[in-house]
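Protein chains: 4
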Amino acid sequence: MSNGDTPRRLRLGMVGGGRGAFIGGVHRIAARLDDRYELVAGALASDPDRAKASAADLHIARDRAYGSFAEMAAAEADREDGIDAVSIVTPNHVHFAAAKAFLEAGIHVICDKPLTTDLSDAEALAGLVEQTGLVFSLTHNYTGYPMVRQARDMVRSGALGEIRVIQAEYPQDWLSTKEEDADNAQAQWRTDPTRSGPAGCVGDIGTHAYNLARFVTGLTLSEIAADLHTFVPGRRLDDNAHMMLRFANGAKGMLWSSQVSPGNENALRIRVYGEKGGLEWSQEDPNYLTYSPLGEAPRLITRGGPGANDAAAAVTRIPSGHPEGYLEAFAQLYTETADMILAHQQGAPAESLVPNVSDGVDGVRFITRAVESSGKGGGWIAF
Amino acid sequence: MSNGDTPRRLRLGMVGGGRGAFIGGVHRIAARLDDRYELVAGALASDPDRAKASAADLHIARDRAYGSFAEMAAAEADREDGIDAVSIVTPNHVHFAAAKAFLEAGIHVICDKPLTTDLSDAEALAGLVEQTGLVFSLTHNYTGYPMVRQARDMVRSGALGEIRVIQAEYPQDWLSTKEEDADNAQAQWRTDPTRSGPAGCVGDIGTHAYNLARFVTGLTLSEIAADLHTFVPGRRLDDNAHMMLRFANGAKGMLWSSQVSPGNENALRIRVYGEKGGLEWSQEDPNYLTYSPLGEAPRLITRGGPGANDAAAAVTRIPSGHPEGYLEAFAQLYTETADMILAHQQGAPAESLVPNVSDGVDGVRFITRAVESSGKGGGWIAF
Amino acid sequence: MSNGDTPRRLRLGMVGGGRGAFIGGVHRIAARLDDRYELVAGALASDPDRAKASAADLHIARDRAYGSFAEMAAAEADREDGIDAVSIVTPNHVHFAAAKAFLEAGIHVICDKPLTTDLSDAEALAGLVEQTGLVFSLTHNYTGYPMVRQARDMVRSGALGEIRVIQAEYPQDWLSTKEEDADNAQAQWRTDPTRSGPAGCVGDIGTHAYNLARFVTGLTLSEIAADLHTFVPGRRLDDNAHMMLRFANGAKGMLWSSQVSPGNENALRIRVYGEKGGLEWSQEDPNYLTYSPLGEAPRLITRGGPGANDAAAAVTRIPSGHPEGYLEAFAQLYTETADMILAHQQGAPAESLVPNVSDGVDGVRFITRAVESSGKGGGWIAF
Amino acid sequence: MSNGDTPRRLRLGMVGGGRGAFIGGVHRIAARLDDRYELVAGALASDPDRAKASAADLHIARDRAYGSFAEMAAAEADREDGIDAVSIVTPNHVHFAAAKAFLEAGIHVICDKPLTTDLSDAEALAGLVEQTGLVFSLTHNYTGYPMVRQARDMVRSGALGEIRVIQAEYPQDWLSTKEEDADNAQAQWRTDPTRSGPAGCVGDIGTHAYNLARFVTGLTLSEIAADLHTFVPGRRLDDNAHMMLRFANGAKGMLWSSQVSPGNENALRIRVYGEKGGLEWSQEDPNYLTYSPLGEAPRLITRGGPGANDAAAAVTRIPSGHPEGYLEAFAQLYTETADMILAHQQGAPAESLVPNVSDGVDGVRFITRAVESSGKGGGWIAF
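Chains as they are written, first to last, in the numbering used here: chain A, 96 to 478; chain B, 96 to 478; chain C, 96 to 478; chain D, 96 to 478.
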C-alpha cells in the first residue's frame, strides 16, 4: 500500500461527537483506520463541561478542547499547527453554521449528511466552497464500498447499456415504536423537526438511497412523486416514504425508505437495470455484487475476487473472502479526502469520487422536493 | 392423505392449451398431480386440425376433441358422462366468451387470469356466477403455496398487528428485447393488445403481485398512482410498471412489475410489515417464509418444518426439506376446486381459499385503474 | 413436449405404500406427474385388510388388490392386461424377495433404495436382471434434478478438469430424539436392523449422498474410512456417520450423513472441485447450481435459465424462475423408465441415466464397507 | 464506549510486516482501530535496508527502526519509553526465536499463528510465558468476531445441550495452480517447509478451523485421523486435508481445509450440533449466526440485533445492519490484549478470551498429529 512516500498525518478537529453520540465515534475510527489523520482538537458537545470531558476521553489536549465551534474555528485558524480539516458530526441543524465558520476560517470540511436543513443554506454553502476553493466532503459513506465503486464503474463503462429501471430502498425497523419517548438520544433528534429539518426518514436514510442511485448511475432526476407518512402516533416527522422517480434520460425508478419495517436493520439496497444487464447490491452484505448480463448466467462478483475491477481494487484493503464492512467504507472517504487536502496544499487540487458540496445541495433538493410533493397530495412535481 | 372415502375423479375439459402453448401443460399437470381429475374433452386450439391433433396427444377420445369451445360446451352439457368442469387456458381475450358459454351450460369453470380484458365483462361474469351458483376458480396459482397460506393466516391471526407497509414486486427479464419479433408465441400474444387487453406486464404479472398482496393481507385498495412505461421500442404494451398504493386501513404500498429487468426470472416477492412484525416471501424460493417479530431475531419458517402452521400444513404434500414448487402450488388450486365441485354436487356448497370470480373482478379493476392513472400522467386516482 | 406420437400409458403395480406409508405416495405422484402410468394393481400392505382398503383408496379394482407380492406377481403375469412394471416401495428387507418375484415373472421393476440389505442378495438381483434383460430402475431420485444432470454433464465434458476433491453431505435432524419410541412408523422401521439392514442413517440417506457423488463425477471409490456412531441412547443403528474417501483417480472426498443435527431438514449437498473449477448444489434449493471457473467470478446457473445445458433442459418441465422440486425430480426417473420399458417392448432396449441394478449393488457395497470399516475401528479399508 | 477513564495508548513494536508483506498491514490497522496503540518501533524486514525504508513508511522514528528483532528487543528493553508489546508477524519459522527474545526482555508478545513450527519449541515458549508471567496473545483472529463470541457463549450456557457433532471447514482456492512459481511471496513462504514448517494448508488455515472449533465448543480432542494430500504437482506441502475427529466427551467431528477448491475464497465455516440445537457460522458472512433450537424454526441472529447476547455485545462497535468485518474482529484481539497488558502493569493480571500460548501449543499439536496420522496412512491416532 505504501511506496515510500508516506504523507504526513493530517491534523483533524471535530464538531459534535462527544459522549453519547453515535456517528462521531464512527468518524473517528474512519479517520484513524488508514492512519491518515490525528485528532487534535474538538468542540465535541454543546455543553462545555461535556465537551471538555469528551475531549479528554479522546487524548485531545486541554487547550484544544473548545466550548463552541466558533471558538474552535477562530483559534485553530490562528495556530501554526492548526487543524487541516474539521469533521462536523452534529445533528443536521448545526451543519450549516459550523461548516460556514470553518470554510470562512480557511479550514477544509468533512460534513455529515444531509448538508443542511434548508435548500437556500445548502446553496449558500456551495457558493462558499466555490469561492474559497477548499475541500468539502460529505459523508455519504456508502459510496466508499468497493462493490459500489465497481457498480458505478460498470454503469459508466456501458456494461448495462442505457439504464431503464432503478429500484432503491432503505428500510429499517428501529423506530417501529415511539422510541423517542424512551431515553434514546438518537431517536429524539432524528424525529425532532428543529434538529432534523423538515423530513424524518427521508432525510435520515432516504437521502442515502437517493445519493447511492445517483452515484451509481450518474443519472439526474427530472420528476418525483412522493408519499410520506407517519405511522407511529404522535411522531412529528415521516417514518415511511414511498416515491416514484423519473430520470432525465427516460429511466424510471422507485425509492422506499422506512424506519417502521420490522426485520430490516439497515437494509439499504440498490438494483439497476439497463438494456444489456442488471446489477444488485445490498449494504448488509457489502462484499458481493450480483451482475446479470442479459442472456447469461448471473455472476457473483466479490470484493477482491475475480471479476472485481480497478475501481473496486483501488478502495480494497484486504484479500477477497476477508470481509470489509461499514467502517472500512467510511474510512475510504476520509482517506480520499486526505489525498485531496494534501493535493490542495501542494497547489494541485485533485478530483475524487467522494461526495461533495454539490451532492449535498442535490440531496437537500431531494428532501425538499419529496416533502413538497407529499404535501401536495403525493403527485408528480418537477425536480 | 386418504381416509378411505376416496372421491371419484372429476371429468375435466380444456379450452386452449394445444401444441405450442405453455400454461395448458401446467394446468394439466396440476389437475393430475393429486389424482382428482381425468382430462376427457378439449377444444385445445382455434385451428380445428391442431385441436384434434393436440387432443390425440393427450389421450382424449376422438369424439370429445372439439373444434370450438361453443361446440364443446353444448355437447358436453348433453352427455350423461359430460365434463364436471372446464379449464380455460387461452389468451386473455377469449376468457370472457368461453367462461360465459360453460357457465350457461351449467359447467363449473377454472379460468386463467386475468379474468377478462374489460371490467364490464368481468362484472357480467360475476353476475353469471352468482346467478348459476356454479364453482368458478381463477388460477392465481401463487396463492396455493404453503408459505403463502401461512403468511395469510399469520396476518389474519394478528401476528403482525395492524398492517402498515406492503412491498410487492414481480420483475422478469424475458422481454428485455423485442422477443415478439422472434418466433415466440408467448411473447406475441402477451404484447398484443387485441389478445392481452389494455395492459402488458401489468396484466400478465402485475395482477399476480396485486392478488398476492390482497390474498395475504386481506386489505382493500383505496387509491393508486401508476407509472406504466414501454422501454422496448416498438412494443405495443407496457413492459414496466411502478405504482404507489394506499389501502383503506391506512396502509401504504408499492408495486413494481417489469419484464425488462435482467437477472430476474420470475421474481415475485412480497414483504408485509405491521406494528408487531414483518413477513417476507419470494416465489423463487417458495419453501421459506421469513418472519421477523419486532424486537426478536427473525425466524426462518420452512414448509413442513417447525413453525409451519395448520394453514400451511393443509396444503403440504411432502416433508420439510423436500422442496415443493410451482406445479404443486398450482395443483393445490385444482384440488381445492375439486372439493368445492364435489360439495356442490352433493348440495352442500363449500368455501375455499381459491381465488374466485370476485377476485377476478378485483384484478381487472386493478389493471383498469393502473392504466387509467398512468394515462392521466401517473397521479393518484380513487380505486 | 409432445410430438404427436403420444405413447400409451403403462400399467403399474405397487408393492408397499399403503395407508400410513410415506414414500409410496411420492412414487404414485411421480408416476402420474408426466401422465405415463396408470396404477392398476397393488399389494399395498402386509396386512391383507389394510392392503384391500388401501387399494380402494387408490381406485384400484378389487380383483387387482392383492394380499401379497407373490400372489400379485403370479396373477399379473397371467393377465393379458397385466402390469408392465411394478414399484417396490416397502421397507428395505422386502426389496430383494419382491424384486426377485417380479423379475422372475417377467415384469419390469422400479425399486426404492437401498437395493437390498445384503451384498450377496444385491449381486443375485443383478444377475437376474442381466439374465432376464428386464428394465430395473432404482429410485435414487436426486439424480432426476435438472441441476444435478447439468453438474454431471459439466464434469463429464471437462468443465472442471480432473476432479480433486468431493464433499458430500446429507444431514437431517428428525431423529435427534428417540422418535422410534413415539408412534412414528417411519422412525421405527428405519432404526430397526431387521427391516433396515445393518445400517441406519448410512443406508437411509448416506447412500443417497454416495450415489450422488458417483452420479455427478463418475468416479469410483478405492478406499474408505468410516466412523459410524449412535448418539441417541438405546437406538439400534447408527444415526451419524463420518467418512473419508479415496477415489481411484486420486481424488479425495468426505461424506457426512446425520439424522441428529438440528436445523437440517433434508440438507443433501454436494461440492465438487477440479483443476479448473468448482460446482456446488444443495437439494433444498435445487433450482440453482453454482459454477466457479477458476479465476473467474462464480456463475449462478438456474434451471431453465441462461447457462443451463442440454442435459438440464432435457429434464425441465417449466420455465426458469418457476421452481420445480422433489416430486418433479422423482417423476423424471419414472418418465425415463417408461421410455426404457416401451423401448424394451419394441425390441430396441435404450440406455438412460436412471440409476439401475448395478448402481444398487454399488450402493449396498458402500453400506457394507462403511459398516465394516467402522466395526474395525474406523480405519481405511479397500472398497 | 468511553467512561472518562481513557487509558493511555500502548507503545507497540513490530517484527516483520515490511513492504510486500500482507498480514503486517492487517495487524497495524487492528492495533490502530480502537486507538489503543501507537506503533513506535520495528524490525520490519530481514533485509536491513528494506527494514529502514519500511519503518519510514510507517512514521517510525529512525532510531527505532531496527535491523533485527534481537537488536530491537535489547534496545527497547533499555529505553524508558520502550515498547509495551511487540507484534510478531513474520513467516512461521521466525516466531519461536523472536517471541523468546522479547519474553526474555520482559516485553509482552502478540504473535501470529501457528505458534511455532515444532511442538517442543511451542512447549518451551509456554514455559517461558508461565515463568515470566507476561501477556502472550496468539492472533487466531476469527475468535474476535461477535457472532463467534455469541456461539461460544451459547454452547457454554447449554443452549445446545451436550455437543454431538462438529463440522469445521476452511477451503480456499488461491493455490489451485502452482502460484509459488509466480512472483507471489505469500505463496512462496507458505509452501516452503523451511519457513512454514511441516504442514501447508493444515498449518496455514486448518489450524484456524481447529482453533475455532475448540474456541466455540470448549471440547478437547482425543483422537484424529487425517488424510493430507498435495494435488498441485511439484508442491512441497499439503494443499488439501481431510480429517475425522473424536472428542473427549464423545462428540465426533470432521475438518476440511483446502487451498485448491475453486470458488472458495476464505470460506471458514463451523457448524455445531448438540442434543438440543444447532449453530452455524460462516466467516465470509460474519454478522450472522443461525441458531436452530430442536423443534423450533431457525433464528437468524445478527450482530447487534435482537437475539445478540452480552458476549457478542461486548465486542460490537456499531449498530446492527452496519456490517463489521475481518479487521474489526482482528482489532478486538488487540484491544483485549491492551486491557490485559494494562492490568498486568497495574499488578492485577486479568483474564480474557484472546487465544494465548496454551492455545498455541494446542494448535501446534494439532498440526503435528495431523501430519503424523497422514504419514502413517491416515488412520486414527491418539491426540
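Virtual Cβ for every residue (Gly too), placed ideally from N, Cα, C.
Can you tell me the Cβ-Cβ gap for A:T286 and A:L332, rounded? I've got them flagged as a contact below 8 Å. 5 Å
Between the CA atoms of D:I183 and D:R330 - distance to the nearest angstrom: The C-alpha of D:I183 is placed about 27 Å away from the C-alpha of D:R330.
At a CB-CB cut-off below 9 Å, which residues of chain D make contact with B:G400? A392 and P393
Bounding residues of the alpha helix (DSSP H) (the contiguous stretch that carries D:H303): T302 to T312
Whole angstroms are fine: how far does the CA of A:C206 sit from the CA of A:I124? 15 Å
At the 8 Å Cβ level, is C:W475 part of the contact set with chain D, yes or no? Taking 8 Å as the threshold, the shortest C-beta distance from C:W475 to chain D falls below it.
Give a yes or no on whether 8 Å exceeds the smallest Cβ distance from B:N335 to chain A. Yes, contact with chain A.
Out of C:A443, C:K471 and C:T432, which has the shortest C-alpha to C-alpha gap to C:R127? C:T432
Measure from the alpha carbon of B:I476 to the alpha carbon of each residue in B:F117, B:L316 and B:I396, then state which is nearest. B:L316
Go ahead and label A:N306 buried or exposed: buried means 16 or more other beta carbons lie within 10 angstroms of its beta carbon, across all protein chains shown. Note on A:N306: 16 or more other CB atoms within 10 angstroms of its CB, so buried under the neighbour-count rule.
Cβ shell of C:N98 (< 6 Å), same chain only, five flanking positions each side left out: Residue confidence is low: C:N98 scores 45 on pLDDT, short of 50, so the model does not pin down where it sits. Its coordinate-derived value is still stated next. Closer than 6 Å at Cβ, skipping near neighbours: no residue.
Can you look up B:I261 in the DSSP assignment and give me helix, strand or coil? strand
Pairwise C-alpha distance: B:L314 and B:F342: About 7 Å.
Look at the alpha carbon of A:L422 and the alpha carbon of D:L105, and state the distance between them as a whole number of angstroms. Distance between the alpha carbons of A:L422 and D:L105 is about 23 Å.
Roughly how many angstroms lie between the CA atoms of D:G442 and A:R159, to the nearest whole one? 34 Å
In chain A, which residues lie less than 9 Å from D:T286 when you measure between Cβ atoms? Correct list: empty, because the minimum Cβ distance to chain A is about 17 Å.
Within 8 Å, strictly: CB atoms of B:L374 and B:R364: no
Who are the Cβ neighbours of B:S447 in its own chain at under 6 Å, not counting the five residues just before and after it? E431 and M435
Here's the rule: buried if 16 or more other CB atoms are within 10 angstroms of the residue's CB, otherwise exposed. What is C:A407? buried
Cutting at 7 Å between CB atoms, please list the residues of its own chain near D:W284, excluding the five before and the five after it. Around D:W284, the same chain offers P186, R290 and S291 as residues with beta carbons nearer than 7 Å, after the five sequence neighbours per side are excluded.
Please report how far the alpha carbon of A:K273 lies from the alpha carbon of D:A193, in whole angstroms. 57 Å
Just the chain C side, please: which residues come within less than 9 Å of D:G329 by C-beta, in chain order? By Cβ distance, chain C contributes nothing, its closest Cβ being about 14 Å from D:G329, past 9 Å.
Residues of the stretch 448 to 465 of chain B with a CB closer than 8 Å to any CB of chain C: list them in chain order, please. none
Chain-ordered chain D contacts of C:H324 [CB-CB under 8 Å]: K347
Please give the ranges of any beta strand (DSSP E) in the stretch 220 to 251 of chain A, keeping only runs that are unbroken, at least 3 residues long and fully inside the region. 231 to 233
Give me the subset of the stretch 363 to 382 of chain B whose CB atoms are less than 9 Å from a CB atom of chain A, sorted by chain position. R366, Y368, G369, E370, K371, G372, G373, L374 and E375
Does B:F478 pass the burial test, meaning 16 or more other C-beta atoms within 10 Å, or should it be called exposed? buried
DSSP three-state assignment for D:E431, whether helix, strand or coil: helix
Should C:P388 and C:G369 be called a contact, given that it needs their Cβ atoms to be closer than 8 Å? no
Identify, in the order they occur along the chain, each residue of the same chain with its Cβ nearer than 7 Å to the Cβ of D:Y237, setting aside the five sequence neighbours on each side. Closer than 7 Å at the Cβ level, and outside the excluded window around D:Y237, lie V243, H303, L307, L363, Q378 and A424.
Relative to chain E, which residues along the stretch 107 to 133 of chain B have a C-beta separation below 9 Å, given in chain order? Given the protein chain composition of this structure (A, B, C and D), no chain E is represented.
According to DSSP, is C:I436 helix, strand or coil? helix
May I have a chain-ordered list of the beta strand (DSSP E) segments no shorter than 3 residues that lie completely inside the stretch 158 to 215 of chain D? Whole beta strand (DSSP E) segments, 3+ residues: 180 to 183 and 203 to 206.
Delimiting residues of the beta strand (DSSP E) encompassing B:H122: If you look at B:H122, you'll find it isn't in any beta strand (DSSP E); it sits in the alpha helix (DSSP H) that goes I118 to L128.
Which residues mark the beginning and the end of the alpha helix (DSSP H) in which D:S317 is found? Counting along the chain, D:S317 falls outside any alpha helix (DSSP H), though it belongs to the beta strand (DSSP E) covering L316 to H324.
Local conformation of B:G455 per DSSP, three classes: helix
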